[in-house]
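Just so we're aligned, residue 1 is where the sequence shown starts under the UniProt record's numbering, counting upward by one.
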Amino acid sequence: MIVSTPHFERMILMSHNDCIRKSIDLKDKNITFDHLFCEELVIKGRKSKVYHAKLSYQPEECKECKKENTKHSIVKNGFMLSKIKWISHTRYPTYLFLRKQRFLCRQCGASFLAESLEFEKHCFIARRVKQSVLFELTDATSFKDIAKRHAISSTTVIRTMRQAGNERRNQFKTLPETLCFDEFTSTKNKKGKYSFIYSNASSHKIIDILIDNFSRTIRDHFLRYPLKERLKVKAIVVDMNAGYFKRVKELFPNASVVIDRFHLVQLINRALNVTRIKTMNTYRTASPAAAKDYRKLKRYWKLFLKESNDLDYQTYHYHRLFKKVITETEIMDYLLSLNNS
Ligand SMILES: [Zn+2]
1 MIVSTPHFER MILMSHNDCI RKSIDLKDKN ITFDHLFCEE LVIKGRKSKV YHAKLSYQPE
61 ECKECKKENT KHSIVKNGFM LSKIKWISHT RYPTYLFLRK QRFLCRQCGA SFLAESLEFE
121 KHCFIARRVK QSVLFELTDA TSFKDIAKRH AISSTTVIRT MRQAGNERRN QFKTLPETLC
181 FDEFTSTKNK KGKYSFIYSN ASSHKIIDIL IDNFSRTIRD HFLRYPLKER LKVKAIVVDM
241 NAGYFKRVKE LFPNASVVID RFHLVQLINR ALNVTRIKTM NTYRTASPAA AKDYRKLKRY
301 WKLFLKESND LDYQTYHYHR LFKKVITETE IMDYLLSLNN S
């Protein structure tokens, strides 16, 4: 009697090919493996794992004349072997020896090769290797280390990085409805002290970074976007830097300026401190009683910055300056009464 378990059933449904695909993290179902699918070979002086497979399918149209494949107008016409660098498994350099189907179009006489999303056309390094390289580039690792781990050359690592950089380069095509402007100190720039950075205010994705925060640089940069895109911007979140305000209306006619909450809180705190110090100083040179109030204003500066609802009105503590047990709210009431102006 055969005992059927869920695992057993899954094993039957999953073919030999599915299993191998899963084990080496390959998604394309048009790639099928040979009966003897894996062997160890010495490649470039190193023991390597080699997977043998073929890539074939029924093409929908001809790559050359774009005519639809009907009534066997495109026929299979042999294979071409490609040796593709795959992601290293069990620390061995790993290769996919792939026989790519060659097709012949009877309508135009052109021949073309089967393609797969696993690698770019004419490229012998799988996308997965490139993705892994890019992933590791975000760590503080040397090119040499990454190259070694992926069994590729340092030059390939650098080329992969440059290529990715070009793909992600700002195309100046679209702008989001809300932008966030900010600046940061950058050691790279010698001209200005700050670099300018702007991001999508809702997704927080950085859109671009400018070398300095000069009005001219910012203006020239945003003018590269078509007016239609700039009109789409509804709000711009900025810090307190006055330089931006003038530019915003000119570059983004429909946008309103929103002051960043963090910078606003900073501004209110500063205003509160200034008022407290001003009041404090009026008590500075007067009688001994006034001198005591001066010391109180100085001592309890933190209470002024606390939200009124957060002040403690229940716990009594002995405070030397008041010479009695008193709550935070009572201290605050007294301090505020000092400012009558
Ligand atoms: Zn054709």
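For each residue, glycine too, the CB sits at the ideal point set by N, CA and C.
Your pair PHE79 and ALA53 does not check out as a contact, with CB atoms roughly 11 angstroms apart and the cut at 8 angstroms.
Going down the chain, each residue whose beta-carbon is closer than 7 angstroms to a heavy atom of ligand 1 shows up: CYS62, GLU64, CYS65, LYS67, CYS105, GLN107, CYS108 and ALA110.
Linking ALA140 to VAL325 through their CA atoms gives a straight-line distance of about 56 angstroms. DSSP lists PHE103 as the beta-bridge partner residues of PHE112.
By the neighbour-count criterion, in which 16 or more other beta carbons inside 10 Å mark a residue as buried, ARG276 falls on the buried side.
Apart from the 5 residues on each side of it in sequence, ASN77 sits with its Cβ closer than 7 angstroms to the Cβ of ARG102, PHE103, LEU104 and SER111 in its chain, given in chain order. Exposure of ASP145 is indicated by the presence of fewer than 16 other C-beta atoms within 10 angstroms of its C-beta. LEU223 and PHE135 have their C-alpha atoms roughly 33 angstroms apart. Where ILE84 is concerned, there is no enclosing alpha helix (DSSP H), although the beta strand (DSSP E) around it starts and stops at 74 to 89.
In this structure, SER73 lies away from ARG99, with their beta-carbon atoms at least 7 angstroms apart. Per the Cβ contact rule, the stretch 248 to 261 is in contact with the stretch 214 to 231 (3 or more Cβ pairs under 8 angstroms). Annotated three-state conformation of ALA235 is strand, per DSSP. Residue pairing by DSSP puts ASP182 in a beta bridge opposite ILE197. Its Cα nearest to that of LEU297, the residue ASN273 stands out among TYR313, GLU307, ASN273 and ASP312.
Under the three-pair Cβ rule at 8 angstroms, the stretch 59 to 70 does not count as touching the stretch 83 to 100. In the DSSP annotation of this structure, the continuous segment of the beta strand (DSSP E) that includes ASP34 starts and ends at 31 to 43. According to the DSSP assignment, SER48 belongs to the beta strand (DSSP E) that extends over 46 to 55. When DSSP reads this structure, LEU98 sits in a beta bridge with ALA53 and SER82.
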